[in-house]
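Read in order, the letters of the sequence shown correspond to residues 83 to 286 in my numbering. Where is the CB? At the ideal position from N, CA and C, for every residue including glycine. No experiment lies behind these values; they were computed from the predicted model shown. Written out below as structure tokens is the structure these notes cover.
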Amino acid sequence: MNHADRQRWSFLWRYLRGDTPWDTGIVPPEVVSWVEAAESEAVPAGRALDLGCGTGTIAIYLAQHGWEVVGVDYAWLAIWRAKRRARACNAGCRVRFYCADVSRLDFLSDDPPFDLAIDVGCLHGLSALQREGYAAHLSRLLMPGGTYLLYGFLTGGYDGIGVDAGELAQVFGPRFELVCEQRGIEATAPIPSAWFTLRRTDTP
Numbered sequence: 083m084n085h086a087d088r089q090r091w092s093f094l095w096r097y098l099r100g101d102t103p104w105d106t107g108i109v110p111p112e113v114v115s116w117v118e119a120a121e122s123e124a125v126p127a128g129r130a131l132d133l134g135c136g137t138g139t140i141a142i143y144l145a146q147h148g149w150e151v152v153g154v155d156y157a158w159l160a161i162w163r164a165k166r167r168a169r170a171c172n173a174g175c176r177v178r179f180y181c182a183d184v185s186r187l188d189f190l191s192d193d194p195p196f197d198l199a200i201d202v203g204c205l206h207g208l209s210a211l212q213r214e215g216y217a218a219h220l221s222r223l224l225m226p227g228g229t230y231l232l233y234g235f236l237t238g239g240y241d242g243i244g245v246d247a248g249e250l251a252q253v254f255g256p257r258f259e260l261v262c263e264q265r266g267i268e269a270t271a272p273i274p275s276a277w278f279t280l281r282r283t284d285t286p
């Protein structure tokens, strides 16, 4: 069993047990602030990609604010719950959920480009090979000038997983520029973490 398969079964088991401290049902204030700032500047809602969307909290929030959203997660139980929540909130017409690997997004090849990508706690747990695929697909799917909001544990902070600005530069190269790094502590555990805001450049 490879790294991705072990991850998938681990997350599925945790969803089945109800051991999902990350699934708070609360939209991160950093995402709310970004959306509210865009609205205050009259930036029209566009298309958003939620990578590692879990049970759909952020994707549904964006859909309720006029965005057309695609959410991807490889935990089928999380996706099942996300679809149910979207229907209950009458947001289903603006959001699509897929049970898939975020490093293998070939099935989105016919989709128009996205204006916004969000990842809350997904990239930091991927292997080097998965990160390579993830970066290639995100570079293809996010339009130049688009925003990428990323939250992750910092490298060395927890159980061998994490990410930092230097690693992001290696993974994405010149295709993304770091706009802002906001460090803090994970809300559910004493783990150093950060919010990164990146912008897709014109570099192919």
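In this model, N172 and Y216 are separated by some 30 Å (Cα to Cα).
Looking at the DSSP output, A130 bridges to V151 and L198. Here I267 has I273, P274 and S275 as same chain residues with Cβ atoms under 8 Å from its own Cβ, once five neighbours each way along the sequence are excluded. The distance from the Cβ of W149 to that of A130 is about 5 Å, consistent with a contact at the 8 Å cut-off. Rounded to whole angstroms, the separation of the alpha carbons of D155 and A182 is 6 Å. By the Cβ-count criterion, I142 is buried, with 16 or more other Cβ atoms from all chains shown falling within 10 Å of its own Cβ. Of all C-beta pairs linking the stretch 205-213 to the stretch 232-241, three or more are shorter than 8 Å, placing the two stretches in contact.
Within the model, the alpha-carbon separation for P256 versus T283 is close to 7 Å. L220 carries a helical assignment under DSSP once its states are collapsed to helix, strand and coil. In this chain, the beta strand (DSSP E) harbouring T279 covers P274 to R282.
DSSP lists A276 as the bridge partner or partners of G234.
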